[in-house]
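Residue numbers (my numbering): 231 to 962.
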């Protein structure tokens with residue numbers, strides 16, 4: 231528990247004074263900080279993820295094989311057919327394509343994600359919003375002003391010896407903070423990243439299951455596309471029904487199957503390599519890529535659009551990080567996943583060097599006949615599991631967006647008490663299931679679906695790289711040569727893939743863009759309404775002296791019990807309070823204004839969660855900021871009440887006043903008399919003179935979303951029998 235006191239104020243002033251002196255060369259006059267109006271967001275400066283022992287790392291490494299890599303691991307099912315939709319023209323083209331596949335996996339899956347991006351985790355959490363929140367902590371780019379003096383425990387405020395890298399970092403930071411356009415663009419990019427991950431979460435199951443089930447045509451050619459489509463639909467529905475059991479159980483159930491899958495495809499790859507054409511090993515020489523592109527100038531974009539499919543699922547290595555940890559993902563990726571899929575691709579190309587007519591079904595055609603059926607069963611099971619990587623990633627990234635106020639309120643279930651970050655989001659699960667069934671019924675085959683799939687994947691790649699470049703410059707202060715090397719290698723690869731997939735817009739590429747428009751529209755509407763509502767409360771907050779006048783009014787009755795007045799505002803007191811007093815002229819013996827705040831860190835330590843301040847020295851009226859990271863789970867309300875009361879008593883003890891014992895007894899008695907929850911329920915309306923667009927967004931779209939999602943009291947687990955709501959209209 232942390233109290234706001236004079237010592238905190240003096241320290242904040244001294245640090246601000248010191249910082250101003252070093253920045254501008256002179257000491258500025260100190261301005262007294264009104265701590266009653268101070269927004270606080272500390273609690274993460276010492277919050278680091280515990281280092282796991284090797285036993286835990288090995289368990290998680292085994293689990294993540296069943297959750298993270300299914301998509302990346304099943305890509306050999308459909309990559310070669312996507313590269314050669316019209317068949318193989320020259321045998322040497324296979325060497326060039328294999329070389330392109332090898333270096334794409336090395337540069338993007340391995341170097342970018344396993345080495346670079348995983349290092350940019352936010353206290354052990356990954357995904358687009360983890361990168362965005364990391365940037366927000368080091369530069370004031372958040373659209374809602376939530377960085378004040380107490381934020382210095384979180385942000386990068388340490389002054390460093392000026393050098394070229396520090397100057398460049400400072401210049402970029404200054405540009406982001408001063409430009410409203412850049413702030414909106416950063417927010418838009420984070421939302422676009424979320425929509426692309428959701429697009430992956432829809433297309434991955436469809437693509438993987440259809441590809442695997444389609445292999446049965448090798449054994450029974452009488453089955454048509456419609457039959458395969460309906461089999462796939464049934465499998466997809468069953469897959470989404472098991473999500474409620476959580477990543478822990480799913481991982482242990484799926485991991486053995488995926489492990490056997492990786493072993494099988496690696497062994498078959500080695501078998502085909504030695505049986506057909508060991509000479510394909512020369513694809514290690516990247517010059518064959520240049521030769522291939524020279525021979526096939528007219529088909530370059532078709533080739534790249536197919537090759538990018540070997541990278542689908544790479545984003546899951548980072549987005550699923552919150553379900554596991556860095557070491558477990560790095561270990562399983564380097565030891566199992568990448569070697570297996572590379573051997574599989576090498577084996578397929580060796581086979582196709584002697585059977586060029588089988589490119590349309592390269593994976594199943596290259597399987598030795600004696601192991602066809604076992605491999606087919608494994609392929610179907612692996613494709614079902616492949617869907618898990620992006621489904622889990624979608625849950626994680628939506629959880630982050632909800633916590634940071636960028637997505638409508640929905641239920642987030644923490645499914646494991648052993649491992650942090652393993653979550654299940656029922657509404658998103660249902661949405662993904664319905665969308666997957668619709669996409670499968672709409673496309674029927676993987677040909678056009680692959681075009682949509684590639685665009686969703688490359689969109690996430692480019693957004694992640696954009697954030698990574700900012701992090702390397704502004705936070706890591708990476709040497710400019712390394713940044714340039716990143717852009718010229720990984721950046722060129724990804725931009726080329728993006729251009730290639732955009733070229734297939736008409737042939738299915740439109741799907742992820744339509745989905746992105748839908749999701750970004752929802753997130754933008756919610757974020758805009760949420761921000762307008764917050765700013766209205768900030769501009770119309772109740773001043774400290776006004777609270778004193780209200781309490782001194784003889785018409786206000788004091789009733790027994792502990793009253794918890796919930797407010798979104800963390801700067802001052804919400805204007806809903808005065809509306810409440812005018813309607814219900816009564817205050818509880820102990821009144822606490824509770825502000826639930828999500829800070830831009832993954833977790834807040836329990837001992838730092840509550841931040842108290844006394845509103846009026848002579849009265850038992852307090853403010854309490856309750857801080858949660860975007861991956862913190864909310865406790866049951868009984869636990870919350872007990873924790874808040876205990877921390878309030880600790881705060882009273884630390885004040886060392888004359889009536890400490892009496893006040894502690896008052897708090898205990900108030901808890902025994904009963905806890906009552908008071909909550910403002912404000913509806914925002916566009917003010918007179920607003921544009922038609924603003925009226926449409928605020929009066930209809932935002933309010934419709936607010937009524938459609940879970941109410942705040944349900945999200946906060948507030949018992950309705952002890953809840954009193956006060957309604958009020960805000961004109962924004």
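Beta carbons: idealized from backbone N, C-alpha and C, even for Gly.
Note that the structure is a prediction, hence the values are computed from the model and not measured.
- Inclusion of residue 589 and residue 310 in the CB contact set at 8 Å is warranted, their separation being smaller than that value.
- Per the DSSP secondary-structure output, residue 955 pairs in a beta bridge with 909.
- In this structure, the CA atom of residue 291 is about 18 Å from the CA atom of residue 653.
- Note on geometry: alpha-carbon atoms of residue 926 and residue 934 lie some 11 Å from one another.
- A check of alpha carbon separations from residue 638 across 304, 944, 939, 954 identifies 939 as the nearest.
- In the assembly as shown, residue 767 is a buried residue. Its beta-carbon has 16 or more other beta-carbons within 10 Å.
- Assigned with DSSP and collapsed to three states, residue 828 falls in strand.
- For the alpha helix (DSSP H) assignment, the uninterrupted runs of no fewer than 4 residues enclosed by the segment 392–429 are, from N- to C-terminal side, 394–408.
- The segment 708–720 and the segment 557–568 do not touch, with fewer than 3 CB-CB distances between them shorter than 8 Å.
- In the three-state DSSP reduction, residue 790 falls in the strand class (E or B).
- Residue 711 and residue 487 have their alpha carbons spaced roughly 43 Å apart.
- Between the segment 747–767 and the segment 794–806 there are three or more inter-stretch CB-CB distances shorter than 8 Å, so the stretches are counted as touching.
- Taking a contact to require three or more Cβ pairs closer than 8 Å, the segment 731–746 and the segment 422–429 qualify as touching.
- With respect to the 8 Å criterion, residue 550 and residue 781 are not classified as neighbours on the basis of their beta carbons.
- Counting the other Cβ atoms within 10 Å of the Cβ of residue 405 gives fewer than 16, which makes it exposed.
- Straight-line spacing of the CA atoms in residue 732 and residue 908 works out to 52 Å.
- Within 10 angstroms of the beta-carbon of residue 396 lie fewer than 16 other beta-carbons, which makes it exposed.
- Pairing residue 626 with residue 862, the inter-Cα distance amounts to about 12 Å.
- In the structure shown, the three-state DSSP call for residue 961 is strand.
- In terms of Cα proximity to residue 828, the closest of 837, 855, 913 is 855.
- Contact check for residue 636 against residue 753 passes: the beta carbons are separated by less than 8 Å.
- In this chain, residue 705 is not harboured by any beta strand (DSSP E), its DSSP state being neither H nor E.
- Close CB contacts of residue 931 within its chain, under the 7 Å cut and outside five residues either way in sequence, are with 755 (chain order).
- The Cβ-Cβ distance between residue 466 and residue 680 does not fall below 8 Å.
- Per DSSP, residue 841 is one residue of the beta strand (DSSP E) stretching across 840–844.
- For residue 855, the three-state secondary structure derived from DSSP is strand.
- Taking C-beta atoms as the reference points, residue 521 and residue 348 fail to come closer than 8 Å.
- Distance from the CA atom of residue 312 to the CA atom of residue 641, rounded to whole angstroms, is 38 Å.
- When C-beta atoms of the segment 800–815 are compared with those of the segment 881–898, fewer than three pairs fall below 8 Å, so the two segments do not count as touching.
- For residue 747, the uninterrupted alpha helix (DSSP H) run begins and ends at 740–769, by DSSP.
- Per DSSP, reduced to three states, the secondary structure at residue 795 is strand.
- Shortest Cα-Cα distance from residue 788 to any of 820, 322, 772, 762 involves 820.
- By the neighbour-count definition (other C-beta atoms within 10 Å, threshold 16), residue 491 is a buried residue.
- DSSP places residue 459 in the helix class (H, G or I) of the three-state scheme.
- Within the segment 297–379, complete alpha helix (DSSP H) segments of at least 4 residues are found at 300–303, 309–313, 321–334, 358–368, given in chain order.
- For residue 542, the three-state secondary structure derived from DSSP is coil.
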